[in-house]
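Here the sequence shown is numbered in numbering that gives the first Met the number 0, starting from 0 and rising by one per residue.
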Amino acid sequence: MIAKFQFSNPILRAIRSALIALAAICLPVSGNAFATQSDTHEYQLKNGLRLIVRQDHRAPTVVHMVWYRAGSMDEVNGKTGVAHVLEHMMFKGTKTVKSGEFSRMVAAVGGRENAFTARDFTGYFQQIEKSKLAEVMRLEADRMANLQFSDEEFGRELQVVMEERRLRTEDNPSSLMRELLMATAFMSSPYRHPIIGWMNDLQNMQPADARQWYRDWYAPNNAVVVVAGDVNPLAVKALVEKYYGPISAKKLPERKPQLEPEQKGEKRAVLKAPAESPQIMMAWKVPKLDPKKMDEVDPYALLVLSAVLSGHDNSRLNRELVRNQRLANSTGASYELISRGPELFVIGATAAKGQTVQDLERGIMKTLGDIANQGVTESELKRIKAQLLASQVYKRDSIFAQAMEIGSSEIANVSWRDLDRIIERIQLIQSDQIQRAINTYFVSDGLTIVTLDPQPRSMLAKPRGMSGSLRH
């Protein structure tokens, strides 16, 4: 599964809105409201596996996650997509568990499970009633060490993955744009490759490629186990030692830095694909959070800027481009504070009827220019900070989200101990720091622009030779 977690349920959206309003009224600017370090415990086994346990006793449920520091950024040319393919194959059995039985056994104890692949990692999870933790931990540890699958199973699942690529990428102009944007913006970084892989690489992938990936990266010394919920930390540690402890550490492949060369000029690309309206994506090279320099201001300023631009209904992009000027039907901005690789600040928009991508580009640049010159109002900044703080309240109301936050941060070498500190730093950001970030990083020499030239729907791909449901 390659997924983003979104608020799609109307009830959840309503709760989130209420929390934002509550934060604006009640919550202090300090991060002390999230002082959960005493509820979190970290251990390391002799084989190198790290265990992080978050206690949350509000309900008798537990989330058990295994995070491998092996994602698409660790792949090599010609074998892109293998991390995601291996994720699929992890459900195909071990020496003692038959193909397909893993999911059935988790469901039999009333649990839910799935997996996800990203640029930085591959993760697996189960959410169960607390008394069933040992059963799912035994299953997960088993497939860490004893995965096996036939060539025939690999061939069938590879067809499923290729169909997934067709449905989610090749038939989706926005996904194609994002793929082209990454491939254009980055020259050296493996972030330039799609997580699901290039189709030609999938077509030529062999069972041995997936087995080698498993042998290389699926090891306790390349994994973090996160357990969150109604648990006792020492009892969890005993279970982890019982099931994961006997698995031997491995010598991991050398990771080459693959540092991205400095961009020395604006890049542009045009995508022609079936679509209703023109679209634009603009991306600037920007810094991410450095775990060794947690107090550097710019990453936090960029995160607040992304919320100023698209964090709410009255955000700058929506207000100016959609409502006031009616240049766009939709807009958005995104920036990831924490990652293993280089980061982009991305702004996208879909043109309103009669508008062009040139109109959108001018509108986006004017919106950025207004903030760079005039700053962000104090009331606007207060609202944004309250919203970001409320999102943390919402996130930590879910044990699943807590486990996700811990795991994804740890994989990028940002300790769970620093998560509250990040919240505190965000609350200190001022308008002049946002202005400085725009003037420093939003320059043409670091800009990549991809535009969509919409084509008639008749250009859609010819009927394909397979159909069926996708597992993830």
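Note that CB positions come from ideal geometry on N, CA and C, so glycine has one too.
TODO: Write down every uninterrupted run of the alpha helix (DSSP H) in the stretch 101-169 whose length is 4 residues or greater and which is fully enclosed by it, in chain order.
DONE: You should have 132-145 and 150-164.
TODO: Determine, using beta carbons only, whether residue 278 and residue 353 come nearer to each other than 9 Å.
DONE: Taking 9 Å as the Cβ cut-off, residue 278 and residue 353 do not qualify as a contacting pair.
Open item on the list: Less than 9 Å between the C-beta atoms of residue 71 and residue 252, yes or no?
Closed with: In this structure, residue 252 does not lie closer than 9 Å to residue 71 by Cβ.
- [ ] From the DSSP output, read off the bridge partner residues of residue 176.
- [x] Note: residue 176 sits in no beta bridge, so no partner.
TODO: On the DSSP bridge assignment, give the partners of residue 273 in chain order.
DONE: Under DSSP, residue 273 takes part in a beta bridge, and its partners are 454.
- [ ] Report back the beta-carbon spacing between residue 216 and residue 67 to the nearest angstrom; my notes put them in contact at under 8 Å.
- [x] In this structure, residue 216 and residue 67 form a Cβ contact; the two beta carbons are roughly 6 Å apart against a cut-off of 8 Å.
- [ ] Please state whether DSSP places residue 41 in a helix, a strand or coil.
- [x] Three-state result, residue 41: strand.
Open item on the list: Using 8 Å as the cut-off, can you tell me whether the stretch 401-410 makes contact with the stretch 265-277, which would need three or more C-beta pairs spanning the two stretches below that distance?
Closed with: Contact between the stretch 401-410 and the stretch 265-277 is absent, because fewer than three Cβ pairs lie under 8 Å.
Open item on the list: I'd like the list of long-range same chain contacts for residue 235, defined as Cβ closer than 6 Å, with 5 residues on each side in sequence excluded.
Closed with: Excluding residues up to 5 positions away in sequence, 52 and 226 lie with their Cβ nearer than 6 Å to the Cβ of residue 235 in the same chain.
Open item on the list: Considering only their Cβ atoms, is the gap separating residue 222 from residue 48 smaller than 9 Å?
Closed with: Using a Cβ distance threshold of 9 Å, residue 48 and residue 222 count as a contacting pair.
- [ ] Would you kindly work out how many angstroms separate the C-alpha atoms of residue 175 and residue 78, rounded to a whole number?
- [x] When only Cα atoms are considered, residue 175 and residue 78 end up about 20 Å apart.
Task: DSSP state of residue 199 mapped onto helix, strand, coil - done: Of the three classes helix, strand and coil, the one that applies to residue 199 here is helix, per DSSP.
TODO: Could you tell me the boundaries of the alpha helix (DSSP H) in which residue 328 lies?
DONE: Not the alpha helix (DSSP H): residue 328 falls in the beta strand (DSSP E), residues 327-333.
- [ ] Out of 433, 286 and 336, point me to the one whose CA is closest to residue 308's CA.
- [x] With distances taken between CA atoms, residue 308 lies nearest to 433 out of 433, 286 and 336.
- [ ] Give a yes or no on contact between the stretch 319-326 and the stretch 431-450, applying the rule of three or more CB pairs nearer than 8 Å.
- [x] The stretch 319-326 is not in contact with the stretch 431-450.
Task: Among 75, 145 and 363, the one whose alpha carbon lies nearest that of residue 92 - done: Checked all of 75, 145 and 363; the closest Cα to residue 92 is 145.
Open item on the list: Give me the residue from 377, 85 and 198 with the minimum Cα distance to residue 211.
Closed with: For the residues 377, 85 and 198, the minimum Cα distance to residue 211 belongs to 85.
Task: Cutoff 7 Å; reference residue 380; Cβ partners in own chain excluding five residues on either side - done: Correct list, in chain order: 430.
Open item on the list: Tell me the rounded alpha-carbon separation between residue 443 and residue 355.
Closed with: Straight-line Cα distance between these residues: approximately 20 Å.
- [ ] Out of 75, 301, 137 and 130, point me to the one whose CA is closest to residue 118's CA.
- [x] Closest option to residue 118, Cα to Cα, is 75.
Task: Neighbourhood of residue 479 by C-beta distance below 8 Å, restricted to the same chain and skipping five residues each side - done: Residue 479 cannot be examined here, being either before or after the span of the chain that is shown, 0 to 471.
TODO: Could you tell me which residues DSSP pairs with residue 227 in its beta bridges?
DONE: 53 and 62.
Open item on the list: Considering only their Cβ atoms, is the gap separating residue 50 from residue 239 smaller than 9 Å?
Closed with: Contact flag set, yes.
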